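If you're matching positions, the sequence shown starts at 1 in the working numbering and goes up one per residue. C-beta atoms are modelled at their ideal positions from N, C-alpha and C, and glycine is treated no differently. Source: prediction; values computed, not measured. Input: a single structure, listed below in structure tokens.
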Amino acid sequence: MNEQAILQLREQTVQIVSALKAFVNEKCKNEDKFSLVLKTAGSTFLACYVYDIVYNHDKHFTDRVKTQFFQKLRVLPVIGPKIKAEVEKAKSSVRNNKDLYNPSYLLELPAKSKTVDEMKLIVQDYLEMDTIDWRNGRVQGAVYDHDADLIEISAKAYEMFMWSNPLHADVFKGVRKMEAEVLAMCLKLYNGPKDSCGLFTCGGTESIGLAVLSARNIALAKGIKWPELIMPATAHPAFDKACDYFRVKKIKVPVHLTTYEADVRKMKSAISSSTCLLVGSAPTYPHGVYDDFAKINELAKNYNIPFHVDCCLGGFINPFAAAAGYRIPTFDFRLSHVTSISCDTHKYGYCPKGSSVVMFRTPEIRRAAIYSCTDWPGGVYATPTYAGSRSGASSATTWACMLKIGHAGYIERTKSVLDAARALREGISRIEGLKIMGKSIGTVVAFTSNKVNIFQLMHDLASKKKWIFGPLQFPSGIHITVTRTHTKSGVVNTILKDIEELNAALLAAGSEYVSDAVAVYGLAQTIPDRSIVGSIAATFIETCLDTNVQQIAEEAEDTKRG
Ligand SMILES: Cc1ncc(COP(=O)(O)O)c(C=O)c1O
1 MNEQAILQLR EQTVQIVSAL KAFVNEKCKN EDKFSLVLKT AGSTFLACYV
51 YDIVYNHDKH FTDRVKTQFF QKLRVLPVIG PKIKAEVEKA KSSVRNNKDL
101 YNPSYLLELP AKSKTVDEMK LIVQDYLEMD TIDWRNGRVQ GAVYDHDADL
151 IEISAKAYEM FMWSNPLHAD VFKGVRKMEA EVLAMCLKLY NGPKDSCGLF
201 TCGGTESIGL AVLSARNIAL AKGIKWPELI MPATAHPAFD KACDYFRVKK
251 IKVPVHLTTY EADVRKMKSA ISSSTCLLVG SAPTYPHGVY DDFAKINELA
301 KNYNIPFHVD CCLGGFINPF AAAAGYRIPT FDFRLSHVTS ISCDTHKYGY
351 CPKGSSVVMF RTPEIRRAAI YSCTDWPGGV YATPTYAGSR SGASSATTWA
401 CMLKIGHAGY IERTKSVLDA ARALREGISR IEGLKIMGKS IGTVVAFTSN
451 KVNIFQLMHD LASKKKWIFG PLQFPSGIHI TVTRTHTKSG VVNTILKDIE
501 ELNAALLAAG SEYVSDAVAV YGLAQTIPDR SIVGSIAATF IETCLDTNVQ
551 QIAEEAEDTK RG
């Protein structure tokens, strides 16, 4: 801009301000000066108050409005008691689910010690309570392998290190070295740059939580008062949980309607000066879709925002997919603005549960997740993760399984799982009315139907053929996370044959057919007040944790009384 243009602009500004001043003075000429000051102060206060309500909060404004609305609805005279009665009915049906409790609970310590042999028998009894044959692929996801060599090596490593405690790194030097080596091996697989580093955690949820904690702390240090996290709607609830725990405002962005990939344009529109983290999944849990990391990386670069790639599920598939003959998008530190990655060793790493890794591009990013308390009379106390004391057995079994399988072993395993997933995906897409959901290329196969009730099919698969699939909502569907247990000879073909047979029976029964047991499936997604769904889910957790002895006694009493 040249000097003349600047002069012209200044003159125009002076003219506008003078005109505004004259206008306001004219309008206020009869105003009392005191009341004018009072009105100005009042309206400024009101504007700040409204701004505070809308923006300065860790929950999104629309979420808060919805919550308030439903809370008010629940206290209305006629509707309120009706809703309450329905919720209580649903909760009591959860509590009375006989699958969830066994009336012969132990309620106190045995009076005397038991022998080792007695204990072995009791433990065996509890093991035999599992009636679903997960070892032979009857459950989707959940258990990723059941390999005799891995069981032997993990059991040995567990036995040797079960009393170790990595909190005392000076005492347990072997386990400390194992943990550092697990991190180094993962960083190598994820093309970690020279300074990259990590933390060993107890699972994907903790890895994600620590990545969010680090991003939040970095944002707070920059002066951002209400850090915001932008996640596609399909990202794992571990992010929702971290936002809740650490007071981060989550902004959920809808995904593409047909591919179920993150909608990067919508993510871009959600960015604000408070954004502390962008999230992508490699792949997503519901549909096994890989988000467009290159595009999210561009956003992270252009707006200088940290970027987390959730490789919890694909942790030990992604680095080996290319060698196994499968193409997936670049997902790791080769993308210039990826700042953290979660990677579960206890899924396709085939290590026993309770083991995961979160990696950071730089030590500064990791430092923001490490906790230290310096003024405690017990001494200076610092921990890398949520836990204080923890068993080193988890690090030892993870290390042992990774070494046992090795690079070539992981490629071979990745190929067998991806081949099985592809065979399932292709087979299901050939079955009448069934449709694969989203652009899934990994180990998860999600599908729906435009001809039969998909939850009826899921129910029939479980009740008639003993295959446990997982339900999906928004929109309805079912999925299977293919694991090593599904790569056993004949498993995929039997699943396909059973789906085809049950689907044909449902087609014959007509598209409207829904049995009583299935009428409740998918109901949760039709309830607009999500807090009701949440409280029923909490009832389920409570029912699992409690012995319900009191309730059983009351029910027995009621039955006696007739
Ligand atoms: C994509 C993804 N992220 C995170 C998690 C959470 O992992 P965890 O159950 O180990 O806490 C899962 C679990 O299935 C997942 O699939």
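Within this structure, are the beta carbons of H479 and A517 separated by less than 8 Å?
As a working mapping, residue 479 is identified with position 479 in the sequence shown. As a working mapping, residue 517 is identified with position 517 in the sequence shown. Taking the C-beta atoms as reference points, A517 is found no nearer than 8 Å to H479.
Put E228 into one of helix, strand or coil per three-state DSSP.
The count along the sequence shown starts at 1 and reaches residue 228 at position 228. It is a strand residue.
Kindly identify the DSSP beta-bridge partner or partners of G477.
Reading the sequence shown from its first residue, position 477 is the one you call residue 477. Under DSSP, G477 shares a beta bridge with L472.
For G578 and D170, I'd like the C-alpha separation in whole angstroms.
As displayed, the chain neither begins before 1 nor continues past 562, which places residue 578 out of reach and without an answer.
Measuring alpha carbon to alpha carbon, tell me which residue in A238, P363, A408, L107 is nearest G349.
Numbered from 1 along the sequence shown, position 349 holds the residue referred to as residue 349. Of A238, P363, A408, L107, the residue nearest in Cα terms is A408.
What I want to know is whether the C-beta of C312 ends up closer than 7 Å to one or more non-hydrogen atoms of ligand 1.
Residue 312 sits at position 312 when you count from the first residue of the sequence shown. Correct: C312 has its Cβ closer than 7 Å to ligand 1.
Let's see if you can read the secondary structure: which residues bound the alpha helix (DSSP H) around D244?
Here residue 244 is taken as the residue at index 244 of the sequence shown, counted from 1. Per DSSP, D244 belongs to the alpha helix (DSSP H) from 237-246.
Could you tell me if N503 is buried or exposed, where buried requires 16 or more neighbouring beta carbons within 10 angstroms of its beta carbon?
Within the sequence shown, numbered from 1, the residue matching residue 503 stands at position 503. Buried, by the Cβ-count rule.
Unbroken alpha helix (DSSP H) run spanning S515, endpoints:
Mapped onto the sequence shown, residue 515 falls at position 515. S515: not part of any alpha helix (DSSP H); DSSP gives it neither H nor E.
Heavy atom of ligand 1 less than 7 Å from the Cβ of S356, yes or no?
Counting from 1 along the sequence shown, the entry for residue 356 is found at position 356. At least one heavy atom of ligand 1 is nearer than 7 Å to the Cβ of S356, so yes.
Pairwise C-alpha distance: L277 and L335
Within the sequence shown, the letter at position 335 stands for residue 335. Within the sequence shown, the letter at position 277 stands for residue 277. Rounded to the nearest angstrom, the gap between the Cα atoms of L335 and L277 is 15 Å.
Backbone secondary structure at F333 - three-state DSSP:
Walking along the sequence shown from the start, residue 333 turns up at place 333. Coil.
Check whether the Cβ atoms of T385 and D145 lie closer than 8 Å to each other.
Locating residue 385 in the sequence shown gives position 385, where the first residue counts as 1. Locating residue 145 in the sequence shown gives position 145, where the first residue counts as 1. Not a contact, by the Cβ cut-off of 8 Å.
Three or more C-beta pairs under 8 Å: does that hold for the region 201-216 against the region 336-355?
Contact check between the region 201-216 and the region 336-355: three or more CB pairs, one atom from each, fall below 8 Å, which counts as touching.
Is the separation between the beta-carbon of S356 and that of C312 shorter than 8 Å?
Your numbering for residue 356 matches position 356 in the sequence shown. Your numbering for residue 312 matches position 312 in the sequence shown. With contacts defined by Cβ atoms closer than 8 Å, S356 and C312 form a contacting pair.
What's the call for V17, buried or exposed, on a 16-neighbour Cβ count within 10 Å?
On the sequence shown, residue 17 is found 17 positions in, with the first residue counted as 1. V17 sits exposed, since fewer than 16 C-beta atoms from the chains shown fall within 10 Å of its C-beta.
Is the CB-CB distance between I577 and K404 below 8 Å?
For residue 577 there is no data in the structure shown, the boundaries of the chain being 1 and 562.
Proximal residues to D263 (C-beta, below 8 Å), its chain only, five neighbours per side dropped:
Locating residue 263 in the sequence shown gives position 263, where the first residue counts as 1. Within the same chain, D263 has close Cβ partners P232, V253, P254, V255, H256.
If you reduce the DSSP assignment to three classes, tell me which class T383 lands in.
The residue you call residue 383 lines up with position 383 of the sequence shown. Taken through DSSP and simplified to helix, strand or coil, T383 comes out as strand.
Just mark H337 as buried or exposed, buried being the case when its beta carbon has 16 or more other beta carbons within 10 Å.
Here residue 337 refers to the residue found at position 337 of the sequence shown. Under this definition H337 is a buried residue.
Report yes if the C-beta of D344 is less than 7 Å from at least one heavy atom of ligand 1; otherwise report no.
By 1-based counting over the sequence shown, the position of residue 344 is 344. Checking the Cβ of D344 against ligand 1 gives yes.
Name the two residues that bound the continuous beta strand (DSSP E) containing H57.
The count along the sequence shown starts at 1 and reaches residue 57 at position 57. Secondary structure note for H57: it is in no beta strand (DSSP E), with a DSSP letter that is neither H nor E.
N56 burial status per 10 Å Cβ neighbour count (16 or more: buried)
Your numbering for residue 56 matches position 56 in the sequence shown. Classification for N56: exposed.
Using only the alpha-carbon positions, how far apart do Y158 and C351 sit?
Here the question's residue 158 lines up with position 158 in the sequence shown. Here the question's residue 351 lines up with position 351 in the sequence shown. Rounded to the nearest angstrom, the two C-alpha atoms are 11 Å apart.
If you measure from the CB of H236, is any heavy atom of ligand 1 nearer than 7 Å?
Here residue 236 corresponds to residue number 236 of the sequence shown, with the count starting at 1. Checking the Cβ of H236 against ligand 1 gives yes.
T383 versus S281: straight-line alpha-carbon distance, rounded:
Within the sequence shown, numbered from 1, the residue matching residue 383 stands at position 383. Within the sequence shown, numbered from 1, the residue matching residue 281 stands at position 281. The straight-line gap from Cα to Cα measures roughly 27 Å.
Bridge partners for F360 per DSSP, in chain order?
Here the question's residue 360 lines up with position 360 in the sequence shown. The beta-bridge partner set that DSSP reports for F360 consists of C197, S340.
Which one or two residues does DSSP pair with A262 in a beta bridge?
Sequence index remark: in the sequence shown, residue 262 carries index 262 (1-based). The partner list for A262 (beta bridge, DSSP) reads V255.
Is T284 near ligand 1 - that is, is its Cβ less than 7 Å away from at least one heavy atom of it?
Residue numbering aside, residue 284 sits at position 284 when the sequence shown is read from its first letter. Remark: the shortest separation between the CB of T284 and any heavy atom of ligand 1 falls under 7 Å.
Return yes when the C-beta of G203 is under 7 Å from any heavy atom of ligand 1, and no when it is not.
The sequence position of residue 203 within the sequence shown is 203, counting from 1. The beta carbon of G203 sits closer than 7 Å to at least one heavy atom of ligand 1.
Nearer than 7 Å: is that true of the beta carbon of I208 relative to any heavy atom of ligand 1?
Residue 208 sits at position 208 when you count from the first residue of the sequence shown. Checking the Cβ of I208 against ligand 1 gives yes.
Confirm the yes/no value for this check: CB of S281, any heavy atom of ligand 1, distance under 7 Å.
For the purposes of this step, residue 281 is taken as the residue at position 281 of the sequence shown. Correct: S281 has its Cβ closer than 7 Å to ligand 1.
Cβ pair T234, H287 closer than 8 Å:
Within the sequence shown, the letter at position 234 stands for residue 234. Within the sequence shown, the letter at position 287 stands for residue 287. Yes.
Quick one: grab the DSSP three-state call for L564.
Outside the modelled stretch of the chain, which goes from 1 to 562, sits residue 564, for which no answer is possible.
Excluding the 5 residues flanking K435 on each side, which residues of the same chain have their C-beta closer than 8 Å to its C-beta?
Position 435 of the sequence shown, counted from the first residue, corresponds to residue 435. Excluding its 5 nearest sequence neighbours in each direction, K435 has C-beta neighbours in its own chain below 8 Å: S429, F447, T448, S449, N450, listed in chain order.
Determine the burial state of H168: buried for a count of at least 16 other Cβ atoms within 10 Å of its Cβ, exposed for fewer.
Within the sequence shown, numbered from 1, the residue matching residue 168 stands at position 168. Exposed, because fewer than 16 other Cβ atoms sit within 10 Å of the Cβ of H168.
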